[in-house]
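Trainee: Protein chains in written order, with the working numbering: chain A, 98 to 562; chain B, 19 to 203.
Ideal Cβ positions, reconstructed from N, Cα and C, are used throughout, including at glycine.
Keep in mind the model is a prediction, meaning the values are calculated, not measured.
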Ligand code: SF4
């Protein structure tokens, strides 16, 4: 009966418990991840006198407020400490598995979920955090929700959602050496705009996407929200199954075989229709850096920052001028050579092992000329990186090796960029004040951030490699 | 939730695109309990940095803004700051999806209107009628707007989402009992 369907449509149909006349569906939620910031949602739940419907499908992780330096002492900041403790207390009271400050599995929720095999193809996963789109790399329908929705999922294990439209972004061809997933997604956002995918679920397809490992696919899906996407997804394949197999919460034995058989039916059928299609040539993507205060303000490192006079209209002129003023950049100046004050390597975008390897490959045998912080995305990433000696590469270069968490991506734990300072960052948002009041953020790949650390300026990593 | 039917009052014009939720409420305030009141966190850094920033808490009930308002972080605190600061309605050409969802859950009406700053920016004052789905300008011009039927109903009636969902308890239970074995951890 049904014609060819997209990956998204298959998952949506399998999770719609009921659908209203206006097309809004009540979706069953398979996994709900919570973090310190979810305290509002817990508060609302308790205020309503309701209980958690499925504590066994709810997992709590401390990431936003945990310190990245020295965990031998209690958290000094009483408010941050309070939020970390509140999460632990809520988890204990409601019978939720909790990965707290001293857990060997602690880390950023979007790094740990996949590591533990909680993120599986064909599931619907939500979290009170916009970068939940990360989990779509597994062929999961995963999206960020607000606090009221957190309370709703806690109480009902379901969520009302208006059916989004679909957008397929096909990237064919081969990426140049030293061009990474981060460059791909920045190029995508520059192309379609920060609101380019609003109201849409993005499916990334094409030979360049198929060639990527799971961590790189997570980097791409992670930043779907920076293009306004409701979610980002990649069809699961043998790379996906190989990565998941054997992880703690992944199915085993007969359940694994049944799951893989099911997952092989998920990819979009030939002929399935998308509401919109965008095509990019992988070969055209260069190492990419943001110059402004929205992720769409991204350019090849070889480019020049725009001049307000180049804009089509007055609003465009004003938008460029305001961004250049905040960023302290001269209109038309070359991006390369822009002086950088500090470096941050980490976050749910680029805090995984291959990211750290890429940065270490540039830094090995070199010295950083500016301070920098390298923060693994999870304790597991930290362990693996240390086993390979990556920590020594970073510290020998003069950078600081931190404890896992969100850290300087958002600065909630106190890791802030000073006002007016310019930071080369592997995180996902260059918004005004994101890394601290008055902080100036340039988003780039781990290898490019490492190159910036060496040169003390925005540098084309291809010249160092 | 406070029901929303009609609203009239002065506007603040934020004529810039991509106002993200980090601007609406900087991250350092998100640790505060809701009982603290979020009004003073509203645009805290922009208000400090730009003397002429056109929006202060408790001055207007309506904001007219540029495209992609509320993009970025899912923080519902952005909506709390607007609502606690006296804002009941934001009109923009487009909104971040998560922000718009959060708004509806807190009685904040978001109206999608192409070219909103150009069409409404000169009006000092607007009257909004949600049941009729109209915006009326001081000169009497009436502009119709579209809104999802369910979102409208929740706003007009001030409905509790969770209570509404539990009406479907049987369907939920049926779905739950049919989950494949591999889908639970
Ligand atoms: S690393 Fe940054 S973007 Fe990711 S969850 Fe943490 S704060 Fe959010």
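Per DSSP, what are the beta-bridge partners of residue 440 of chain A in this structure?
Mentor: The residue you call residue 440 of chain A lines up with position 343 of the first chain. The partner list for residue 440 of chain A (beta bridge, DSSP) reads A:469, A:521.
Trainee: Cutting at 8 Å between CB atoms, please list the residues of its own chain near residue 65 of chain B, excluding the five before and the five after it.
Mentor: The residue you call residue 65 of chain B lines up with position 47 of the second chain. Closer than 8 Å at Cβ, skipping near neighbours: 71, 73, 74.
Trainee: Is residue 178 of chain B close to chain A? Criterion is C-beta to C-beta, closer than 9 Å.
Mentor: Stepping through the second chain from its first residue, residue 178 of chain B is reached at position 160. It does; some Cβ of chain A falls within 9 Å.
Trainee: When Cβ atoms are compared, which residues of the region 530-555 of chain A fall closer than 7 Å to chain B?
Mentor: 530, 531, 534
Trainee: Ignore the nearest five residues each way along the sequence and tell me which others in residue 436 of chain A's own chain have a CB closer than 6 Å to its CB.
Mentor: Start at 1 with the first residue of the first chain, and residue 436 of chain A comes out as number 339. Closer than 6 Å at Cβ, skipping near neighbours: 554.
Trainee: Indicate whether at least one CB of chain B lies closer than 9 Å to the CB of residue 295 of chain A.
Mentor: Residue mapping note: residue 295 of chain A aligns to position 198 of the first chain, counting from 1. Yes - at least one Cβ of chain B is within 9 Å of the one on residue 295 of chain A.
Trainee: Just list the alpha helix (DSSP H) runs in the region 29-86 of chain B, keeping only unbroken ones of 4 residues or longer that don't cross its boundaries, in chain order.
Mentor: Entirely contained in the region 29-86 of chain B, the alpha helix (DSSP H) runs reaching 4 residues are, in chain order, 39-42, 62-67.
Trainee: Kindly provide the ranges of any beta strand (DSSP E) runs that are 3 or more residues long and lie completely inside the region 333-384 of chain A, ordered along the chain.
Mentor: 373-378
Trainee: State buried or exposed for residue 409 of chain A, treating a residue as buried only when at least 16 other CB atoms are found within 10 Å of its CB.
Mentor: Reading the first chain from its first residue, position 312 is the one you call residue 409 of chain A. Classification of residue 409 of chain A: exposed, given that the 10 Å Cβ count is below 16.
Trainee: Can you tell me the Cα-Cα spacing of residue 61 of chain B and residue 434 of chain A, whole angstroms?
Mentor: The sequence position of residue 61 of chain B within the second chain is 43, counting from 1. The sequence position of residue 434 of chain A within the first chain is 337, counting from 1. Here the alpha carbon of residue 61 of chain B sits roughly 33 Å from the alpha carbon of residue 434 of chain A.
Trainee: Taking contact to mean at least 3 C-beta pairs separated by less than 8 Å, is the region 409-418 of chain A in contact with the region 187-204 of chain A?
Mentor: The region 187-204 of chain A and the region 409-418 of chain A do not touch, with fewer than three beta-carbon pairs separated by less than 8 Å.
Trainee: Going by DSSP, what residue range makes up the alpha helix (DSSP H) through residue 262 of chain A?
Mentor: In the first chain, the residue the question calls residue 262 of chain A occupies position 165. Segment 262-269 is the beta strand (DSSP E) holding residue 262 of chain A; no alpha helix (DSSP H) there.
Trainee: Just to confirm the assignment, what range does the alpha helix (DSSP H) spanning residue 284 of chain A have?
Mentor: Taking the first residue of the first chain as position 1, residue 284 of chain A is located at position 187. 278-289 is the span of the alpha helix (DSSP H), which, as asked, contains residue 284 of chain A.
Trainee: Helix, strand or coil for residue 300 of chain A, going by three-state DSSP, please let me know.
Mentor: Taking the first residue of the first chain as 1, we reach residue 300 of chain A at position 203. Residue 300 of chain A falls in the strand class under three-state DSSP.
Trainee: According to a CB-to-CB cut-off of less than 7 Å, which residues of the region 83-95 of chain B neighbour chain A?
Mentor: If the cut-off is 7 Å between Cβ atoms, the region 83-95 of chain B has 85, 86, 89, 90, 91, 92, 94 near chain A.
Trainee: Look at the alpha carbon of residue 391 of chain A and the alpha carbon of residue 425 of chain A, and state the distance between them as a whole number of angstroms.
Mentor: Mapped onto the first chain, residue 391 of chain A falls at position 294. Mapped onto the first chain, residue 425 of chain A falls at position 328. So the alpha carbons of these two residues sit roughly 15 Å apart.
Trainee: In terms of residue numbering, what span does the alpha helix (DSSP H) encompassing residue 207 of chain A cover?
Mentor: Start at 1 with the first residue of the first chain, and residue 207 of chain A comes out as number 110. Per DSSP, residue 207 of chain A belongs to the alpha helix (DSSP H) from 206-212.
Trainee: Tell me which residues of the region 24-47 of chain B have at least one Cβ-Cβ distance to chain A shorter than 8 Å, keeping chain order.
Mentor: Of all residues in the region 24-47 of chain B, the ones placed with a Cβ closer than 8 Å to any Cβ belonging to chain A are 33, 34, 35, 36, 38, 40, 41, 44, 45, 46, in chain order.
Trainee: Between A:253, A:248, A:225, which has its C-alpha nearest residue 241 of chain A's C-alpha?
Mentor: For this step, residue 241 of chain A is matched to residue 144 along the first chain. Measuring from the Cα of residue 241 of chain A, the nearest candidate turns out to be A:225.
Trainee: With a threshold of 8 Å (Cβ to nearest heavy atom), would residue 509 of chain A be considered close to the ligand SF4?
Mentor: Locating residue 509 of chain A in the first chain gives position 412, counting from the first residue. Correct: residue 509 of chain A has its Cβ closer than 8 Å to the ligand SF4.
Trainee: Taking the alpha-carbon of residue 167 of chain B as reference, which of B:153, B:135, B:122 has the nearest alpha-carbon?
Mentor: As a working note, residue 167 of chain B is residue 149 in the second chain. Ranking the options by Cα distance to residue 167 of chain B, first place goes to B:122.
Trainee: Pull up the CB-CB distance for residue 311 of chain A and residue 337 of chain A, whole angstroms please, since I reckon it's below 8 Å.
Mentor: Residue numbering aside, residue 311 of chain A sits at position 214 when the first chain is read from its first letter. Residue numbering aside, residue 337 of chain A sits at position 240 when the first chain is read from its first letter. The pair is a contact, with the Cβ atoms about 7 Å apart (cut-off 8 Å).
Trainee: Determine which residues of the region 255-267 of chain A have a Cβ less than 9 Å from any Cβ of chain B, and write them out in chain order.
Mentor: 255, 256, 257, 258, 259, 261
Trainee: Keeping to the same chain, check which residues put their C-beta closer than 7 Å to that of residue 52 of chain B; ignore five residues upstream and five downstream.
Mentor: Counted from its first residue, the second chain places residue 52 of chain B at position 34. For residue 52 of chain B, where only same-chain residues beyond five positions count, the Cβ hits under 7 Å are 98.
Trainee: Of all the CB atoms in chain A, is at least one closer than 9 Å to the CB of residue 166 of chain B?
Mentor: Here residue 166 of chain B refers to the residue found at position 148 when the second chain is read from its first residue. True, the Cβ-Cβ gap to chain A drops below 9 Å.
Trainee: For the beta strand (DSSP E) containing residue 224 of chain A, name the first residue and the last one.
Mentor: Indexing the first chain from 1 puts residue 224 of chain A at position 127. Where residue 224 of chain A is concerned, the enclosing beta strand (DSSP E) stretches over 221-224.
Trainee: Where does residue 420 of chain A sit, in a helix, a strand or coil, going by DSSP?
Mentor: Locating residue 420 of chain A in the first chain gives position 323, counting from the first residue. DSSP places residue 420 of chain A in helix when its eight states are reduced to three.
Trainee: How is the beta strand (DSSP E) around residue 110 of chain B delimited, first residue to last?
Mentor: Locating residue 110 of chain B in the second chain gives position 92, counting from the first residue. Run containing residue 110 of chain B: 107-110, per the beta strand (DSSP E) assignment.
Trainee: With a threshold of 9 Å between beta carbons, is residue 75 of chain B in contact with chain A?
Mentor: Here residue 75 of chain B refers to the residue found at position 57 of the second chain. No, because no Cβ of chain A sits closer than 9 Å to the Cβ of residue 75 of chain B.
Trainee: Quick one: does residue 393 of chain A have its CB under 9 Å from some CB of chain B?
Mentor: Locating residue 393 of chain A in the first chain gives position 296, where the first residue counts as 1. Yes, residue 393 of chain A lies at the interface with chain B (some Cβ there is under 9 Å from its Cβ).
Trainee: How long is the line joining the alpha carbons of residue 295 of chain A and residue 114 of chain B, rounded to whole angstroms?
Mentor: Reading the first chain from its first residue, position 198 is the one you call residue 295 of chain A. Reading the second chain from its first residue, position 96 is the one you call residue 114 of chain B. Going by the C-alpha atoms only, they are around 7 Å apart.
Trainee: Just the chain B side, please: which residues come within less than 8 Å of residue 211 of chain A by C-beta, in chain order?
Mentor: Residue mapping note: residue 211 of chain A aligns to position 114 of the first chain, counting from 1. Neighbours of residue 211 of chain A on chain B: none; closest Cβ ~13 Å, over 8 Å.
Trainee: Ignore the nearest five residues each way along the sequence and tell me which others in residue 213 of chain A's own chain have a CB closer than 7 Å to its CB.
Mentor: Working through the first chain from its first residue, we reach residue 213 of chain A at position 116. Taken in chain order, the residues that qualify are 202, 344, 345, 346.
Trainee: Is the shortest distance between the beta-carbon of residue 565 of chain A and the beta-carbons of chain B less than 9 Å?
Mentor: In the structure as shown, chain A begins at 98 and stops at 562. Residue 565 of chain A is therefore absent and cannot be evaluated.
Trainee: Once you ignore the five residues that flank residue 498 of chain A on each side, which residues in its own chain have a CB closer than 6 Å to its CB?
Mentor: Taking the first chain and counting its residues from 1, the one referred to as residue 498 of chain A is at position 401. Around residue 498 of chain A, the same chain offers 471, 488, 491, 492 as residues with beta carbons nearer than 6 Å, after the five sequence neighbours per side are excluded.
Trainee: Going by the DSSP bridge assignment, what does residue 445 of chain A pair with across the sheet?
Mentor: Taking the first chain and counting its residues from 1, the one referred to as residue 445 of chain A is at position 348. Residue 445 of chain A is not bridged to any residue.
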